[in-house]
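> Okay, so the sequence shown: first residue is 1 according to UniProt numbering, each after it adds one.
Structure provided below as structure tokens; questions to follow.
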Amino acid sequence: MMDRTRTRWWLAVPLVVILMSFVLPYTVFTDLDVWYASFLFWTVATAVVIGVNAIISSRWED
Numbered sequence: 001m002m003d004r005t006r007t008r009w010w011l012a013v014p015l016v017v018i019l020m021s022f023v024l025p026y027t028v029f030t031d032l033d034v035w036y037a038s039f040l041f042w043t044v045a046t047a048v049v050i051g052v053n054a055i056i057s058s059r060w061e062d
């Protein structure tokens, strides 16, 4: 079983990624004319959130 500190850290990672998903498109990606920078960010952000959720849920027990 994961201790509380590690669990909180793993739960904070998706929250940071979600926050970045709101902030970055309106700040960093505003002046970009190419669509693939945004697509790459969303792909990586989605993979990170899915990976962290898989790690958290793999430790659950009945």
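By construction, the Cβ of each residue, glycine as well, lies at the ideal position given by its N, Cα and C atoms.
Looking only at its own chain, which residues have a Cβ that is under 7 Å from the Cβ of Val17, when we skip the five neighbours before and after it?
Ala45, Val48, Val49
> Going straight from the alpha carbon of Ile55 to that of Val13, what length do you get?
Approximately 12 Å, taken between the alpha carbons.
> Between which residues of its own chain and Ser21 is the CB-CB distance below 6 Å, once the five residues before and five after are set aside?
Leaving aside the five residues that flank Ser21 on each side, the residues in its chain whose CB is nearer than 6 Å to its CB run, in chain order, Ala45.
> Pop quiz: Phe39 and Leu24 are said to be a contact at Cβ under 8 Å. What is the actual Cβ separation, rounded to whole angstroms?
Actually they are not in contact, since the Cβ atoms of Phe39 and Leu24 sit about 13 Å apart, beyond 8 Å.
> Have a look at Leu15 and Asn53 and give me their C-alpha separation to the nearest angstrom.
Spanning the two alpha carbons is a distance of roughly 11 Å.
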